Each structure stands twice: as structure tokens, then as C-alpha cells.
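In the working numbering, the protein residues as written are 594 to 834.
C-beta atoms are modelled at their ideal positions from N, C-alpha and C, and glycine is treated no differently.
No experiment lies behind these values; they were computed from the predicted model shown.
Okay, structure first, notes after.
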């Protein structure tokens with residue numbers, strides 16, 4: 594699939610790239626908490642006593658973490674083919690490339706450096722936001738204080754687009770245990786409109802978080818207003834004692 598995605602003449606390259614990252618993630622649909630969003634679990638750290646990791650079990654009976662690790666290894670091996678897609682002429686391809694590359698092992702910070710280089714050149718608001726979330730995801734896997742500080746500065750910077758500031762706020766919340774400051778609450782509450790949240794569902798991170806509720810709004814509610822009820826909960830027993 595990586596070869597198809599990297600082939601500029603292949604008619605199905607967008608579909609191949611779009612489907613590339615899903616196998617490299619697991620148990621991420623609907624996940625919107627600071628503790629778990631953008632988190633790469635590790636079988637060795639999260640394995641249960643029965644040797645099945647917290648990714649669960651595939652239909653084959655094997656631990657799902659095995660296939661996730663294999664998918665990440667494939668993306669890591671194909672990094673050199675995927676990095677040029679960050680400069681593709683189609684913003685959707687650039688977004689999906691950043692989503693896939695965020696799952697690659699990056700101990701040398703090659704991928705994160707590529708995200709930073711592309712961010713300086715990028716003009717599309719959604720592609721910029723995707724680079725912020727991708728940087729936050731790879732930084733969560735490979736901690737790097739300067740990257741965390743950069744993301745913090747982005748949500749504080751009024752010169753950045755709303756999409757970038759919102760992506761940076763979500764990313765920063767996932768990279769730190771610090772309480773969200775009042776300035777972050779104010780920024781997010783002002784920028785996270787329903788219309789903008791639905792637009793940001795074009796980002797695969799947000800699309801996976803949501804469902805009936807736009808992904809951005811679910812993140813905001815879970816991370817900043819955890820006591821608020823789910824407005825899209827259609828369970829008739831949810832409000833019963």
C-alpha cells in the first residue's frame with residue numbers, strides 16, 4: 594500500500610494512503626481523553642496477565658497489538674517514501690501523510706523535523722492543523738520538551754489560524770499533566786464553534802474521535818468540561834439513578 598500511495602500516477606493512491614494508518618492504531622475510535630488521545634500503547638508496558646495487551650483480540654484469536662506493531666513497523670520502514678507526500682499538491686494527501694507518519698517510530702526525530710519544516714511552508718489551514726496534531730502524536734511517543742513548548746506557543750499565538758490554535762490546544766493537553774490555564778479555556782471556548790468543529794472533522798484524528806458529535810467538540814468536552822453530559826447520548830437509561 595505504501596508503494597501505491599507514493600506512486601504519483603496510481604489511480605488509487607489517495608485510497609491507499611487513507612487506509613494506511615488505521616491498522617497502525619487501535620482502540621482509538623471515540624477516544625477523546627487527555628490520557629489516551631494520541632497515545633501509542635506498547636504491548637510490553639500494557640500487557641495483561643494473560644499475555645493479551647489492552648488492544649484486545651483479533652477475530653483470528655491473536656492479540657491485536659501484534660498487528661498494530663506490524664503496521665507501525667511497515668510505516669517506519671516506508672518513511673522515506675511517505676515523507677515526500679507532505680509536499681503533495683493535494684492538501685488531503687498531505688493530511689493523510691501526516692496521519693500515517695505520526696505512527697512511525699522516530700527516535701532520531703526525522704519525522705518530527707519534517708513536520709516542522711513543512712509547517713513553515715504550509716498555507717492550507719487544515720493541513721497546518723494536521724501537522725500540529727501529528728507533531729503532538731509523535732512527541733507523545735518520543736518526548737521532546739522543545740516540541741511541547743512549540744505546541745504550547747501555537748495555541749497562545751493569535752496570529753495563527755483558529756484551526757492551528759485548536760489543534761495545538763488539544764495536542765498540548767495530551768502532552769502535559771498541567772491543569773488547563775484560564776487562557777486556554779478562553780481561547781478554545783471562543784474558537785471551537787459548531788461550524789468549525791464540523792469542518793475540522795476532515796482531520797482523521799477528529800473524525801475518529803467523534804461520531805454523532807463533532808470530534809473537536811467531544812475533545813473539548815472531555816478534556817476541559819468533563820462534568821458536562823454527552824449531548825448526543827441517546828441511551829434512555831443514562832439519566833436514571
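- With a minimum length of 4 residues, the unbroken runs of alpha helix (DSSP H) contained wholly in the region 706-739 fall at 718-734.
- In terms of Cα proximity to residue 789, the closest of 773, 801, 807 and 779 is 807.
- The alpha-carbon separation between residue 687 and residue 776 amounts to approximately 31 Å.
- Residue 742 carries a helical assignment under DSSP once its states are collapsed to helix, strand and coil.
- Non-local C-beta neighbours of residue 796 in its own chain, meaning closer than 7 Å and more than five positions away in sequence, comprise 688, 719, 722, 723 and 726, ordered along the chain.
- The beta carbons of residue 785 and residue 813 sit closer together than 9 Å.
- From the listed residues 757, 702 and 748, the smallest Cα separation to residue 733 is found for 702.
- Ranking 618, 698, 757 and 691 by CA distance to the CA of residue 598 puts 691 first.
- When Cβ pairs closer than 8 Å are counted between the two stretches, the region 611-620 is seen to touch the region 658-677, the count reaching three or more.
- If you ignore the 5 residues before and after residue 633, its C-beta comes within less than 6 Å of the C-beta of 734, all in its own chain and listed in chain order.
- By the neighbour-count criterion, in which 16 or more other beta carbons inside 10 Å mark a residue as buried, residue 681 falls on the buried side.
- Taking a 10 Å sphere around the C-beta of residue 753, we find 16 or more other C-beta atoms and assign the residue as buried.
- 679 is the residue among 660, 679, 631 and 758 whose C-alpha sits nearest the C-alpha of residue 607.
- In terms of CA proximity to residue 768, 745 leads the group 745, 759 and 774.
- In this structure residue 622 is exposed. Its beta-carbon is surrounded by fewer than 16 other beta-carbon atoms within 10 angstroms.
- For the set 756, 764 and 705, the Cα lying nearest the Cα of residue 816 is the one of 764.
- Beta-carbon to beta-carbon, residue 665 and residue 713 are separated by about 27 Å, too far to satisfy the 8 Å threshold.
- Rounded to whole angstroms, the separation of the alpha carbons of residue 729 and residue 739 is 11 Å.
- Inclusion of residue 802 and residue 694 in the CB contact set at 9 Å is not warranted, their separation being larger than that value.
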